[in-house]
Each structure stands twice: as structure tokens, then as C-alpha cells.
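Report on one structure; see the data block that follows.
2 protein chains.
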Amino acid sequence: MPNRKAATPISLVEVKTACSNCNLHELCLPMGLSHDEVEKLDELVANRRRLKRGEHLYRAGQPFDAIFAVRSGFFKTDVLLEDGREQVTGFQMTGELLGLDGISTEIHSCNAVALEDSEVCTIPFSHLEGLSREIQTLQHHFHKVMSREIVRDHGVMMLLGTMRAEERLAAFLLNLSQRFTARGYSPAEFYLRMTREEIGSYLGLKLETVSRAFSRFQEEGLIAVQQKHVRILNIPGLKQLMNHQQGRG
Amino acid sequence: MPNRKAATPISLVEVKTACSNCNLHELCLPMGLSHDEVEKLDELVANRRRLKRGEHLYRAGQPFDAIFAVRSGFFKTDVLLEDGREQVTGFQMTGELLGLDGISTEIHSCNAVALEDSEVCTIPFSHLEGLSREIQTLQHHFHKVMSREIVRDHGVMMLLGTMRAEERLAAFLLNLSQRFTARGYSPAEFYLRMTREEIGSYLGLKLETVSRAFSRFQEEGLIAVQQKHVRILNIPGLKQLMNHQQGRG
DNA sequence: CACGCACGTTGACTTGGATCAAAGAGGCTT
DNA sequence: AAGCCTCTTTGATCCAAGTCAACGTGCGTG
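So the sequence lines, in the order shown, correspond to chains A and B. Using this note's numbering, the letters of the first sequence correspond one by one to residues 1 to 249. Using this note's numbering, the letters of the second sequence correspond one by one to residues 1 to 249.
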């Protein structure tokens, strides 16, 4: 994916890299920590890194030594098979963590790509483990985040294993809506950062099927969609679609 | 699933519950710990619990307060949708951990069921976190185990999202083979503890499709299968099947 | 400001796996 | 040792989603 914008000049005044003056407390790793504890975290965040659209944050096979918190922007993670097949394993937005896959073998097992110009905080993993041994709240919160990722993955398995195309897309849209809401954006109106093909890869569908499902939802008055711009008109309708349809295998 | 055997009487001599005299060091949580450290772990394992075939270790919705290490036997975990659809999210064997899903919300999000008479060690989670703050090796190993689970889940997503039926079954058999090998069993011959329907649920297929794929593998001389007894005759053949087939979506 | 190119939509046709149905195989239970 | 019940296999048919193809659309660059 080529970069389409001219390089944005980096501000001459270096923004202080610190959790204590970041507005993502309630979403990110410092969630639930006391003021003093968050100040300890400040030492932890080694630096920020800006990425242009299309740039890789890390690639499968690269050595792991840090996890990343999305400060702004939007990412996808994917796994590639030798024969070229791609599985998108997730889309990450503000406040979410990237790189947990690398802890296991200390080699990243997937790719992380910015889907728009983005910024991440780099958290060296050994520092995080060190501080987790000191701050119980941080330790517990980190464990919750990893566990939440496992639970999320189970949800995706359910989606891929038992749902039909339209149910999958409905689940996907409702999930995005809910995450945008948690970040203070409209639950009903957003721009998709990913292509139909990337949505399809995540949902185990071909891009044409995704496109047709969008069109169908529009015909049925559930959403209004034009290219990447989506407006959800009938949230209960989308939810209902997931409960009452017959499964497939 | 009804229990088919008479209740096995519990030995009058209570087996000492202790990691230090357990032969699963190299598979289970104590992996890589020093002798002294493993002795500290001994306090951690609150007790063992025996389960009959078909019995639930925990259910979705129940409060979480401990994780479990499989000491012997075989489990499945699954998630149920309101409309009755089931997704098997994993099969767990000796040395593997159960219950990581519950850390996130302190409520279990899936069911864990014994597929044969089994025994687990109960590890109260707050104790594990406490000891992790003292023993860096334990902390790091636990993080690796959680991360490995995430990576495994990504593999299942790849399987569900991009592979055709026969590729899925081949991947499943090769995975089992490899895990049995790591436990000192034959890589080529084993009994399946789960039904065709449970395999199907895990692989996102109907039981008939699983059965037909088994039959096809047998016709092609890749395996010999009779009901739950499987003998793998051609491991490279199964591997090849996964690389050279065209994907589906 | 127009051209190119990546992305998206829609139609026609094909197909892998689901569904429906019926018969065989073990292994508990009585 | 008979009978039941669950699991498995196999066949016939159907359909949701894939494939192939052609045409829109809109952004970003020259």
C-alpha cells in the first residue's frame, strides 16, 4: 500500500512521552492505576513511534522485545500462509495493545500494519514485567488484557465456525460500533479504515460476498453505506439478524 | 453425556498435591523453574480435582477464581450461542492450562468439559499472581503460556477462515500427533477422545463432512481410521495436502 | 483538472459443504 | 445376551458463498 500523503513534518517540540499526561487512561494499560502508579509507568514507555499508512509496525519472524499501545490511528494484524493466503486476525484502535503474540516465542508470529497514519507507544516488555512485579494493579490489569484477547479470539472462532455471511458482517459492524462508542465517537456513523478484502479476510469471506452483504443491509434499511462511509440505521435490526438466522458449519 | 463407568474409589492414601513430585515439569507451569522455586509452587496448588467423563470443570457464567492444569485426561472448551449453536474453542491435554478465559472479567466465558475421566490441579489465581511477583521465571513463563494461547487461536482463525475441509482435518490430525509426541506417546497412532461432531464444531464443519474427510484420507492411504482409533500412515502426505490445495473463503 | 489505478459493485454461473435420510457399529445397561 | 442409545458412515440433493467477469467510482498524482 503506497503512502498517498506527503510526509507530515514531525513537530519540533517533542511531545513528552508519558502516560500521566495522556488522555487514554481509561482505555489503555494505566486503567485503574493510582496517580503515583501512573507516574511510575511513565518511565516504562520508551518512546512513541509514528507510522504512515501502509507501514508495518512489526512483521512475522522479527524478534519481539516490546508491546505497543495504539495512541492514535488504526491497525490490522494478519498471518500469512506460504501459499499467499492471508488471515486478518484483528483490527486495533486507540488504546488497544499490539504485539502480545510475540511474548510466547520472543518472535512475532503475525504482521501489524497501520491502516492510516498512526502513532504508538513502545513498551519494552521486560520493563513491563519488572513493573508488574512491583505494582499489583498493573500486573492484574495486564493479565486481564491478555485474557480479554483470548476471549475475543473465541468470539471470532464462533463467528468463523458457525455464522453465515450476513451474521458475520452484522457482528463485525456492531463490534466496531461499540468500540467507537467507548472512544467517544458516534455509535452509528464511521469510516471504515480497511478494504472489503480485509474485512473479508477477517470474516472468512470473499470481498464480493462482503460487498453483497453491505448492499443487502442497505436494501433492508439496516445501514446506509457508500464506499468506506457507514451509517447504522437500525442497531436492533442488526442484532436480531444474528440471533434468528440458522447457522451453518 | 452419561457416565459409563462405575465410580472409581478414591485412594485412601491422599496423594500429596505438589508440583515437586509431579512428572509434568516440562509441560506444565513449573517449566524452567529451579528446584527451590518449584517447592514454592507446591503451596500454590490448592488441591486436585477428579472429574468423570462428561463432567464440567466450569461453566460459562460461573465466577472465576482459579486456573487449572490438566494432570491427566482430556478436555474440551466450548462457547454456546443462545440459539444453541456450539463452537468448540479447544481441546486440552496433559500439562495444558484451563480457565485463562476467566481472568478478563472474573466470570468464565466458556465451558470446560472432561472428555474422559480426568484430574486437574487447581491453582487459585490470586496466589499465582502473588507468586509471579516473587518469581520472575514463573511470571515470564505464565505470560508465555497466555501468549501461546493467543497464537494458537490465530492459527485456528487461519484454519477456519481460509482452509477447505480436508486441509482443516489434516491440520487437526497433525496438531494432535505433535502434541501426543511431546507427551511421549506415538505420533502415529492414537484414540480420539472427541466425537465427529465435536471435531466438526472445532473445525467449523458438519459431522458428516468430517466423517467423509476421514474416509477420503483412508482411501488415499494417508491414514487408517476405525471409529475413534486413528493411525497416521503418511505424515508428509498430510502436510503436503495443506500447502498445495487452493483456499476458500 | 484529467488521467490512472486501486477499490467497490453487480451479474452469471459453479461448487464445496450443508442438509436430509437411512443404515451399520459399538458398548453400556438390564 | 438382548436391546437400546449414541456415534458413525454413506448416499442423494440443495444452496450459500465462491469464482469469473465486466463495469463503476473516487482519490491522488502528474
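Note that CB positions come from ideal geometry on N, CA and C, so glycine has one too.
Assign residue i to one of two classes, buried (16 or more other C-beta atoms within 10 Å of its C-beta) or exposed (fewer than that).
{"i": "R231/B", "result": "exposed"}
{"i": "Q139/A", "result": "buried"}
{"i": "R183/B", "result": "exposed"}
{"i": "D117/B", "result": "buried"}
{"i": "H229/A", "result": "exposed"}
{"i": "Q226/A", "result": "exposed"}
{"i": "G312/A", "result": "Missing from the structure shown is residue 312/A; chain A here goes from 1 to 249 and no further."}
{"i": "D153/A", "result": "buried"}
{"i": "P30/B", "result": "buried"}
{"i": "E134/A", "result": "exposed"}
{"i": "E149/A", "result": "buried"}
{"i": "N243/B", "result": "exposed"}
Ignore the nearest five residues each way along the sequence and tell me which others in residue i's own chain have a CB closer than 6 Å to its CB.
{"i": "F180/A", "result": "F190"}
{"i": "G102/A", "result": "F64 and H108"}
{"i": "A18/B", "result": "D42"}
{"i": "N234/A", "result": "L222"}
{"i": "L24/B", "result": "G95"}
{"i": "E39/B", "result": "S20"}
{"i": "R50/A", "result": "E119"}
{"i": "C22/A", "result": "none"}
Tell me whether the beta-carbon of residue i lies closer than 7 Å to the beta-carbon of residue j.
{"i": "L98/A", "j": "A114/A", "result": "no"}
{"i": "T162/A", "j": "Q87/B", "result": "yes"}
{"i": "N47/B", "j": "T122/B", "result": "yes"}
{"i": "S147/B", "j": "S104/A", "result": "yes"}
{"i": "V79/A", "j": "C110/A", "result": "yes"}
{"i": "A170/A", "j": "L241/A", "result": "yes"}
{"i": "R71/B", "j": "V151/B", "result": "no"}
{"i": "L33/B", "j": "T137/B", "result": "yes"}
{"i": "R168/B", "j": "L131/B", "result": "no"}
{"i": "A213/B", "j": "P124/B", "result": "no"}
{"i": "R193/A", "j": "F74/A", "result": "yes"}
{"i": "L160/B", "j": "L160/A", "result": "yes"}
If you drop the 5 nearest sequence neighbours on each side, which residues of the same chain put their C-beta closer than 8 Å to that of residue i?
{"i": "S211/A", "result": "R196"}
{"i": "S186/B", "result": "F180"}
{"i": "T209/A", "result": "A165 and G200"}
{"i": "A188/B", "result": "S177, R231, I232, L233 and I235"}
{"i": "E254/B", "result": "With chain B covering only 1 through 249, there is no way to say anything about residue 254/B."}
{"i": "E37/A", "result": "P30, I135, T137 and L138"}
{"i": "G35/A", "result": "For the sequence presented, residue 35/A should be read as His rather than Gly. Once the five neighbours on either side are set aside, the close Cβ partners of H35/A are S20."}
{"i": "Q218/B", "result": "A224 and V225"}
Out of the options, state which residue places its alpha-carbon closest to the alpha-carbon of residue i.
{"i": "I199/A", "options": "K76/A, P187/A and D83/A", "result": "K76/A"}
{"i": "E129/B", "options": "G73/A, D83/A, F142/A and E149/A", "result": "F142/A"}
{"i": "V45/B", "options": "Q178/B, K52/B, E208/B and S126/B", "result": "S126/B"}
{"i": "L81/A", "options": "L176/B, E37/B, F68/B and M158/B", "result": "M158/B"}
{"i": "Q92/A", "options": "G84/A, D83/A, L57/A and R85/A", "result": "L57/A"}
{"i": "L173/B", "options": "A224/B, K144/B and R50/B", "result": "A224/B"}
{"i": "R85/A", "options": "G155/B, E37/B and H35/B", "result": "G155/B"}
{"i": "E106/A", "options": "A69/B, E37/B, L100/B and K144/B", "result": "K144/B"}
{"i": "F68/A", "options": "L100/A, N175/A and E37/A", "result": "L100/A"}
Which same chain residues end up closer than 7 Å to residue i when comparing Cβ atoms and leaving out the 5 residues on each side of it in sequence?
{"i": "N3/B", "result": "In this prediction, N3/B scores a pLDDT of 39, lower than 50, which makes its location untrustworthy; the coordinate-derived value is nonetheless stated afterwards. Closer than 7 Å at the Cβ level, and outside the excluded window around N3/B, lie K52, R53 and G54."}
{"i": "L207/A", "result": "R196, E197 and G200"}
{"i": "H59/A", "result": "One detail in the question is off: residue 59/A reads as Arg in this sequence, not His. Contacts found: H108 and N111."}
{"i": "L26/B", "result": "Note that residue 26/B is Glu in the sequence shown here, rather than Leu. Closer than 7 Å at the Cβ level, and outside the excluded window around E26/B, lies no residue."}
Could you name each continuous beta strand (DSSP E) segment of 3 residues or more that falls completely within the segment 208–233 of chain B, going from the start of the chain to the end?
Within the segment 208–233 of chain B, the complete beta strand (DSSP E) runs of at least 3 residues are 223–226 and 229–232.
Which residue spans inside the segment 36–115 of chain A form an unbroken beta strand (DSSP E) run of at least 3?
47–51, 56–58, 66–72, 74–80, 86–93 and 111–114, all fully within the segment 36–115 of chain A.
Curious, which full-length alpha helix (DSSP H) runs of at least 4 residues does the segment 169–209 of chain A contain?
196–203
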